[in-house]
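Peer 1:
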DNA sequence: TAGTGGTCTAGACCACGGG
DNA sequence: CCGTGGTCTAGACCACTAT
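Chains as they are written, first to last, in the working numbering: chain A, 1 to 240; chain B, 1 to 240.
The following block contains the structure:
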């Protein structure tokens with residue numbers, strides 16, 4: 001009766017739930033079957049179910065509340081890297097005003113494989129969004145974003161004139177993973193004008209490509225005036 | 001028989017071992033008592049001990065091997081951020097040559113609270129090390145480091161003329177945590193000359209302050225030519 | 001081969017908190 | 001109240017591997 005399929009019982013339960021979360025079948029806030037229900041489903045003891053759910057909670061994928069049950073957590077990326085990039089939240093914390101201003105919006109077929117090489121079917125349509133993040137009227141970042149419309153078709157009908165697409169996308173696409181590249185550069189004339197800095201001044205640039213199960217959702221480049229922005233990260237041996 | 005001290009049994013075991021690792025009483029590679037030994041020490045069942053050790057392993061603090069036992073793991077920071085910064089490893093992987101060249105070495109009392117504000121007792125002596133990281137003869141980074149000699153007294157007698165201090169320090173000080181700040185800037189004349197780039201070119205700068213239990217070990221600034229270096233990070237909801 | 005971790009059980013009592 | 005998770009037990013068998 002013991003599992004012998006090269007993968008242990010609790011690992012199978014863990015993997016099943018993880019997959020359902022990653023694919024979006026279970027979305028943030030959704031309830032996960034209780035331990036007793038999972039005992040019946042998998043035909044194992046409560047300890048084994050508990051081990052899987054405890055590990056999922058430790059990994060930040062679910063949250064468990066007594067009497068209420070277990071629920072899919074919000075993606076951790078929203079709580080770490082995004083916190084650095086969520087200007088609205090930053091501004092609110094500091095008691096300052098935040099505004100997003102859309103500069104350009106267009107839909108075009110994806111022709112040139114710009115930026116990093118990522119596998120996209122030919123003919124894919126992409127929504128290009130350029131905008132400025134301003135705090136107290138000062139431009140903190142120029143955002144140049146591409147949204148793959150086959151991955152997020154709802155974006156086609158969404159108005160981004162005052163709503164930053166970052167948060168909107170996080171609500172639309174559950175549980176993604178992302179590659180971040182941080183680099184530096186110099187402001188050309190056009191960028192300098194948009195950011196309100198001198199031509200030739202230093203820029204801090206964050207490129208992020210967000211995927212969901214090998215499917216690219218969005219690519220974004222956030223261009224910050226080096227004088228106004230830094231990335232701060234805390235690392236310890238336990239949580240990376 | 002049951003723990004009632006507001007903290008559960010496995011949490012106490014977890015915390016005890018964690019503390020011994022963080023304080024350096026247990027160092028990377030050291031063996032942790034076996035589950036049976038810990039059962040006797042704490043007077044609890046093997047499942048409870050196992051829960052604590054499994055959690056420590058999941059957190060990356062220990063590694064468990066059948067028949068051999070459980071051992072203190074190498075700090076994760078060495079496996080993530082350091083991998084990006086360990087030029088010797090990067091060069092070896094790419095089949096290219098690596099060299100570290102010491103530019104300056106001096107010991108001085110810590111007077112000005114340079115860089116970030118960190119609490120250091122007055123009169124603390126600090127070892128200043130400036131050096132260049134070169135790959136195939138090209139300068140990839142200028143490193144400016146401060147080592148707190150009361151935290152790492154052995155550094156006073158160590159020769160850093162060809163050995164990069166980063167790896168050496170990792171071996172000396174087990175299990176630290178660190179704050180990273182990534183920024184951008186422009187090369188002044190002196191920096192440009194050392195890096196072999198034009199004055200006014202873009203720089204990518206990483207500042208890292210490494211601590212151990214609230215005691216600062218070392219501060220380092222790695223200054224990269226923006227054209228030669230980027231930071232790449234992979235994030236997913238599970239591992240942050 | 002023997003010691004170690006990996007897994008699992010079939011219960012139990014307790015703490016919390018929503019209804 | 002009572003369903004949920006949190007914790008714990010006293011075993012058991014198995015898999016791996018250092019010796």
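Using N, Cα and C, we set each Cβ at its ideal position, and we do this for glycine too.
Would residue 204 of chain B pass as a contact of residue 226 of chain B if the rule is Cβ separation under 7 angstroms?
Peer 2: On the second chain, residue 204 of chain B is found 204 positions in, with the first residue counted as 1. On the second chain, residue 226 of chain B is found 226 positions in, with the first residue counted as 1. The answer is yes: Cβ separation under 7 angstroms.
Peer 1: Can you name the residues of chain B whose CB is closer than 7 angstroms to the CB of residue 233 of chain A?
Peer 2: Counted from its first residue, the first chain places residue 233 of chain A at position 233. Under the 7 angstroms cutoff, chain B gives 180.
Peer 1: Using the beta-carbon of each residue, which ones in chain B are nearer than 7 angstroms to residue 147 of chain A?
Peer 2: The residue labelled residue 147 of chain A in the question sits at position 147 within the first chain. Going along chain B, no residue has its Cβ under 7 angstroms from residue 147 of chain A, so there is no contact; the nearest lies around 19 angstroms.
Peer 1: Rounded to the nearest angstrom, how far is the Cβ of residue 176 of chain B from that of residue 211 of chain B, given a contact under 8 angstroms?
Peer 2: The count along the second chain starts at 1 and reaches residue 176 of chain B at position 176. The count along the second chain starts at 1 and reaches residue 211 of chain B at position 211. With a Cβ gap of about 6 angstroms, residue 176 of chain B and residue 211 of chain B count as contacting.
Peer 1: Taking the straight line between their C-alpha atoms, what separation do you get for residue 106 of chain A and residue 56 of chain A?
Peer 2: To locate residue 106 of chain A, count along the first chain from 1; it is residue 106. To locate residue 56 of chain A, count along the first chain from 1; it is residue 56. Going by the C-alpha atoms only, they are around 40 angstroms apart.
Peer 1: When Cβ atoms are compared, which residues of the segment 185-203 of chain A fall closer than 9 angstroms to chain B?
Peer 2: Those would be 185, 186, 200, 201, 202, 203, in chain order.
Peer 1: Assuming residue 89 of chain A and residue 27 of chain A make a contact with CB atoms under 8 angstroms, what is their CB distance in whole Å?
Peer 2: Indexing the first chain from 1 puts residue 89 of chain A at position 89. Indexing the first chain from 1 puts residue 27 of chain A at position 27. Going by Cβ atoms, the distance from residue 89 of chain A to residue 27 of chain A rounds to 21 angstroms, so no, they are not a contact pair.
Peer 1: List, in chain order, every chain B residue whose beta-carbon is nearer than 7 angstroms to that of residue 97 of chain A.
Peer 2: As a position in the first chain, residue 97 of chain A is number 97, starting the count at 1. Correct list: empty, because the minimum Cβ distance to chain B is about 25 angstroms.
Peer 1: If we define contact as Cβ-Cβ less than 7 angstroms, is residue 230 of chain A a contact residue for chain B?
Peer 2: Your numbering for residue 230 of chain A matches position 230 in the first chain. Yes, its Cβ sits closer than 7 angstroms to a Cβ of chain B.
Peer 1: Pull up the distance between the alpha-carbon of residue 20 of chain A and that of residue 33 of chain A, whole angstroms please.
Peer 2: Here residue 20 of chain A refers to the residue found at position 20 when the first chain is read from its first residue. Here residue 33 of chain A refers to the residue found at position 33 when the first chain is read from its first residue. Each residue's alpha carbon lies about 12 angstroms from the other.
Peer 1: Here's the rule I'm using: 16 or more other beta-carbon atoms within 10 Å means buried, otherwise exposed. How should residue 207 of chain B be labelled?
Peer 2: Indexing the second chain from 1 puts residue 207 of chain B at position 207. Residue 207 of chain B is buried by the Cβ-count criterion.
Peer 1: One question on the structure: do residue 126 of chain A and residue 146 of chain A come within less than 7 angstroms of each other, judged by their Cβ atoms?
Peer 2: For this step, residue 126 of chain A is matched to residue 126 along the first chain. For this step, residue 146 of chain A is matched to residue 146 along the first chain. Yes. Within cutoff.
Peer 1: Count the other CB atoms, across all protein chains shown, that sit within 10 Å of the CB of residue 171 of chain A; report buried if there are 16 or more and exposed otherwise.
Peer 2: In the first chain, residue 171 of chain A corresponds to position 171, counting from 1. Residue 171 of chain A is exposed by the Cβ-count criterion.
Peer 1: Any idea if residue 165 of chain B is buried or exposed, counting beta-carbon neighbours within 10 angstroms, 16 or more meaning buried?
Peer 2: Along the second chain, read from residue 1 onward, the residue named residue 165 of chain B stands at position 165. Buried.
Peer 1: Note down, in chain order, each residue of its chain lying with its Cβ closer than 7 angstroms to the Cβ of residue 116 of chain B, except the 5 sequence neighbours on either side.
Peer 2: Residue mapping note: residue 116 of chain B aligns to position 116 of the second chain, counting from 1. In this prediction, residue 116 of chain B scores a pLDDT of 49, lower than 50, which makes its location untrustworthy; no coordinate-derived value is stated.
Peer 1: With respect to the beta strand (DSSP E) encompassing residue 64 of chain B, which residues constitute its N-terminal and C-terminal limits?
Peer 2: As a first step, residue 64 of chain B must be located in the second chain, where it is residue number 64. Start and end: 62-65.
Peer 1: Specify the secondary structure class of residue 201 of chain A as computed by DSSP and reduced to three states.
Peer 2: Stepping through the first chain from its first residue, residue 201 of chain A is reached at position 201. DSSP places residue 201 of chain A in coil when its eight states are reduced to three.
Peer 1: Determine the burial state of residue 131 of chain B: buried for a count of at least 16 other Cβ atoms within 10 Å of its Cβ, exposed for fewer.
Peer 2: As a first step, residue 131 of chain B must be located in the second chain, where it is residue number 131. Buried, since its Cβ has 16 or more Cβ neighbours within 10 Å.
Peer 1: At a Cβ threshold of 7 angstroms, is residue 177 of chain A touching chain B?
Peer 2: Sequence index remark: in the first chain, residue 177 of chain A carries index 177 (1-based). Yes, residue 177 of chain A counts as interfacial toward chain B.
Peer 1: Any idea what DSSP makes of residue 48 of chain A, helix, strand or coil?
Peer 2: By one-based count along the first chain, residue 48 of chain A stands at place 48. In this structure, residue 48 of chain A counts as helix in the three-state DSSP scheme.
Peer 1: By the 10 Å Cβ neighbour count, where 16 or more other Cβ atoms means buried, how is residue 161 of chain A classified, buried or exposed?
Peer 2: Indexing the first chain from 1 puts residue 161 of chain A at position 161. Label assigned to residue 161 of chain A: exposed.
Peer 1: Interface residues of chain A around residue 135 of chain B at Cβ under 9 angstroms?
Peer 2: Locating residue 135 of chain B in the second chain gives position 135, where the first residue counts as 1. The premise fails here: residue 135 of chain B is roughly 18 angstroms from chain A at the closest Cβ pair, so nothing lies under 9 angstroms.
Peer 1: How about residue 77 of chain A: is its C-beta nearer than 7 angstroms to some C-beta of chain B?
Peer 2: Position 77 of the first chain, counted from the first residue, corresponds to residue 77 of chain A. Yes - at least one Cβ of chain B is within 7 angstroms of the one on residue 77 of chain A.
Peer 1: Do you know offhand how far residue 215 of chain B's Cα is from residue 136 of chain B's?
Peer 2: By one-based count along the second chain, residue 215 of chain B stands at place 215. By one-based count along the second chain, residue 136 of chain B stands at place 136. Going from the Cα of residue 215 of chain B to the Cα of residue 136 of chain B covers about 37 angstroms.
Peer 1: Given that a residue counts as buried once 16 or more other Cβ atoms are within 10 Å of its Cβ, and exposed if not, what is residue 82 of chain A?
Peer 2: For the purposes of this step, residue 82 of chain A is identified with residue 82 of the first chain, where counting begins at 1. Buried.
Peer 1: Quick one: which unbroken beta strand (DSSP E) runs of 3-plus residues sit fully inside the segment 109-196 of chain A? Chain order, please.
Peer 2: Taking only runs of at least 3 residues, the beta strand (DSSP E) segments lying wholly in the segment 109-196 of chain A are 125-135, 138-148, 177-186.
Peer 1: Examine chain B for any beta-carbon lying closer than 7 angstroms to the beta-carbon of residue 81 of chain A, and answer yes or no.
Peer 2: Translated into the one-based positions of the first chain, residue 81 of chain A becomes position 81. At least one chain B Cβ lies under 7 angstroms of residue 81 of chain A.
Peer 1: Measuring CA to CA, which of A/10, A/59, A/22 is closest to residue 35 of chain A?
Peer 2: Along the first chain, read from residue 1 onward, the residue named residue 35 of chain A stands at position 35. Residue 35 of chain A has its Cα closest to that of A/10, out of A/10, A/59, A/22.
Peer 1: May I ask which residues mark the beginning and end of the beta strand (DSSP E) holding residue 221 of chain A?
Peer 2: Here residue 221 of chain A is taken as the residue at index 221 of the first chain, counted from 1. Unbroken beta strand (DSSP E) run through residue 221 of chain A: 215-225.
Peer 1: Candidates B/217, B/61, B/223: which alpha carbon is nearest residue 168 of chain B's?
Peer 2: Translated into the one-based positions of the second chain, residue 168 of chain B becomes position 168. Checking every option, the nearest Cα to that of residue 168 of chain B belongs to B/217.
Peer 1: Please list the terminal residues of the continuous beta strand (DSSP E) segment that includes residue 233 of chain B.
Peer 2: The count along the second chain starts at 1 and reaches residue 233 of chain B at position 233. Unbroken beta strand (DSSP E) run through residue 233 of chain B: 231-235.
Peer 1: Do residue 70 of chain A and residue 62 of chain A count as a contact pair if the criterion is CB distance below 7 angstroms?
Peer 2: The residue given as residue 62 of chain A occupies position 62 in the first chain. The residue given as residue 70 of chain A occupies position 70 in the first chain. Their beta carbons are under 7 angstroms apart, which means residue 62 of chain A touches residue 70 of chain A by this criterion.
Peer 1: For residue 58 of chain B, go through chain A and note every residue whose CB falls closer than 9 angstroms to its CB, in chain order.
Peer 2: Start at 1 with the first residue of the second chain, and residue 58 of chain B comes out as number 58. Within chain A, the residues near residue 58 of chain B are 55, 58, 59.
Peer 1: Taking 6 angstroms as the cut-off, is the beta-carbon of residue 108 of chain A closer than that to any non-hydrogen atom of the ligand COA?
Peer 2: The model depicted lacks the ligand COA and carries no ligand whatsoever.
Peer 1: DSSP three-state call for residue 54 of chain B: helix, strand or coil?
Peer 2: Reading the second chain from its first residue, position 54 is the one you call residue 54 of chain B. Helix, per DSSP.
Peer 1: Below 7 angstroms on C-beta distance, what does residue 226 of chain A contact in chain B?
Peer 2: In the first chain, the residue the question calls residue 226 of chain A occupies position 226. 183, 184, 185, listed in chain order.
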